[in-house]
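Visitor: Below you'll find the structure I mean.
Residue numbers (our numbering): 16 to 391.
This is the structure:
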């Protein structure tokens, strides 16, 4: 009689064997499991950027239903979206972050209340124009109170007011090399990436660009270019006075800055980390100022910069900015504006413009900042 062979049936991931003793052996086909599991249908994973979006909206107390619908709109199935939104609140990382957000929201509410109270003043939304101020009066009423002011009648002995024409600068300094900011129109973040736009040219070439190039924001000589640190330009200090009532004349290195550019140059919305005064030598500048109490409305994403385009704000993308109270002033030649530390400002040259700015106050002018770095 022929020998009976075991009966084997393979049904992945199992192999079933019936022995001649009528016993059934089951064997897992482990080598095939990864492929089989990979082939099995699975629910889509929620990517990290959407998880961040969920967390941000939960921290802002947005309704769960709205967050779930937002996930569904991206292609996440409703069951997965619901589970993600309902479970996040129990995560210890989220709970820790939530506590800090609550503290920040309390601080924001205090800033908002302070701004509402400030709005009761008859001076709200204006910047005073004052003739020369004593050191004590300036300190007590503006510097210590973090309040901007325009000071007139303070530059009457500046020879620069008459001397510093493009023709004069070209004749006296035209052969000197200078550093400028160039190709700014190619980069919306030209101020943040200021080092990417540095270019060295002869001063006469740059002056030709300014005078003959028409309105433009593509090139500008700014504080970061440190023109007054160059030996060839040290004689410019002979043409202006460093207001001794407020500033320290002997402390100029890295604290006095020369600005020169065509009509149309824009310094985007930002705040400075210190107090400063800006003296306008020629041309006019339109300056938009926003108090630091309104910082929560300004989408401060990197360092001292706002994400909002102060020239053409996108209210759909940055709706909080619509509520910002903006003060607009025109700085005339021969005028000086004090911009206190933390005050947001957006500056546009209305004509070919030359300015000098100072941070070398006789008063304390160093502060520690905690800067954000947010990818909005």
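Note that CB positions come from ideal geometry on N, CA and C, so glycine has one too.
With distances taken Cα to Cα, identify the nearest neighbour of residue 311 among 199, 279, 359.
Guide: 359
Visitor: Where are the alpha helix (DSSP H) runs, 4 residues long or more, that stay fully inside the stretch 209–257, in chain order?
Guide: 218–227
Visitor: Which same chain residues, not among the five before or five after residue 241, have their C-beta less than 8 Å away from its C-beta?
Guide: 194, 269, 272
Visitor: In the DSSP assignment, the beta strand (DSSP E) including residue 282 goes from what residue to what residue?
Guide: 281–286
Visitor: Assign residue 315 to one of three DSSP states: helix, strand, or coil.
Guide: strand
Visitor: Check whether the Cβ of residue 334 lies closer than 7 Å to any heavy atom of the ligand MG, and answer yes or no.
Guide: The ligand MG is absent from the structure shown, which contains no ligand whatsoever.
Visitor: For residue 302, name the three-state secondary structure that DSSP assigns.
Guide: strand
Visitor: In this structure, how does DSSP classify residue 74 when only helix, strand and coil are distinguished?
Guide: helix
Visitor: State the Cα-Cα distance for the pair residue 362 and residue 85, rounded to the nearest angstrom.
Guide: 38 Å
Visitor: From the DSSP output, which residues share a beta bridge with residue 296?
Guide: Paired residues: none, contrary to the question.
Visitor: Could you check what DSSP says for residue 351 in three-state terms: helix, strand or coil?
Guide: strand
Visitor: Taking residue 169 and residue 147 to be in contact with their CB atoms under 8 Å, please state how far apart those CB atoms are, rounded to whole angstroms.
Guide: 5 Å
Visitor: I need the boundaries of the alpha helix (DSSP H) containing residue 372, first residue and last residue.
Guide: Segment 368–373 is the beta strand (DSSP E) holding residue 372; no alpha helix (DSSP H) there.
Visitor: Any chance the stretch 324–335 sits against the stretch 240–255, with 3 or more Cβ pairs inside 8 Å?
Guide: no
Visitor: Taking 8 Å as the threshold (C-beta atoms), are residue 266 and residue 375 in contact?
Guide: Less than 8 Å separates the beta-carbon of residue 375 from that of residue 266.
Visitor: Anyone know if the C-beta pair for residue 176 and residue 192 falls short of 8 Å?
Guide: no
Visitor: In three-state terms, what does DSSP make of residue 91?
Guide: coil
Visitor: From the DSSP output, in three-state form, read off residue 377 for me.
Guide: coil
Visitor: Bridge partners for residue 145 per DSSP, in chain order?
Guide: According to DSSP, residue 145 bridges with 166.
Visitor: Taking buried to mean at least 16 other C-beta atoms within 10 Å of its own C-beta, is residue 136 buried or exposed?
Guide: The residue in question, residue 136, is exposed, as its Cβ has fewer than 16 Cβ neighbours within 10 Å.
Visitor: Assign residue 123 to one of three DSSP states: helix, strand, or coil.
Guide: helix
Visitor: Apart from the five residues just before and just after residue 335, which ones in its own chain have a Cβ nearer than 6 Å to its Cβ?
Guide: So the qualifying residues of the chain are 312.
Visitor: Give the secondary structure of residue 137 by DSSP, where H, G and I count as helix, E and B as strand, and everything else as coil.
Guide: Note: residue 137 maps to coil in three-state DSSP.
Visitor: From the DSSP output, in three-state form, read off residue 262 for me.
Guide: Strand at residue 262.
Visitor: Taking 8 Å as the threshold (C-beta atoms), are residue 81 and residue 101 in contact?
Guide: Result no, Cβ atoms of residue 101 and residue 81 do not sit closer than 8 Å.
Visitor: When the Cβ atoms of the stretch 126–133 are set against those of the stretch 150–157, are three or more pairs found closer than 8 Å?
Guide: The stretch 126–133 makes no contact with the stretch 150–157: fewer than 3 CB pairs, one atom from each, lie closer than 8 Å.
Visitor: Residue ranges of each beta strand (DSSP E) run of no fewer than 3 residues wholly in the stretch 167–211, ordered along the chain?
Guide: 192–196
Visitor: Can you find the residues in the same chain that come closer than 6 Å, C-beta to C-beta, to residue 351, ignoring five residues on each side of it along the sequence?
Guide: 166, 169, 292, 294
Visitor: Hey, residue 373 and residue 154 are a contact pair by Cβ (cut 8 Å); roughly how many whole angstroms apart?
Guide: That pair is no contact at about 16 Å.
Visitor: Going by DSSP, name the residue or residues bridged to residue 320.
Guide: 285, 317
Visitor: Considering only the alpha carbon of each residue, which of 337, 106, 340, 179 lies closest to residue 255?
Guide: 179
Visitor: Using DSSP with H/G/I as helix, E/B as strand and the rest coil, what is residue 291?
Guide: The answer is strand: DSSP assigns residue 291 an E or B state.
Visitor: Which same chain residues, not among the five before or five after residue 389, have their C-beta less than 6 Å away from its C-beta?
Guide: 316
Visitor: Would you mind sorting residue 64 into buried or exposed? The rule is 16 or more other CB atoms within 10 Å of its CB.
Guide: So residue 64 ends up on the exposed side.
Visitor: Are the CB atoms of residue 280 and residue 370 within a distance shorter than 8 Å?
Guide: no
Visitor: If contacts are defined as beta-carbon pairs under 8 Å, then residue 229 and residue 368 qualify, I think. What distance do you get, rounded to the angstrom?
Guide: Rounded, the Cβ-Cβ distance is 14 Å, inconsistent with contact.
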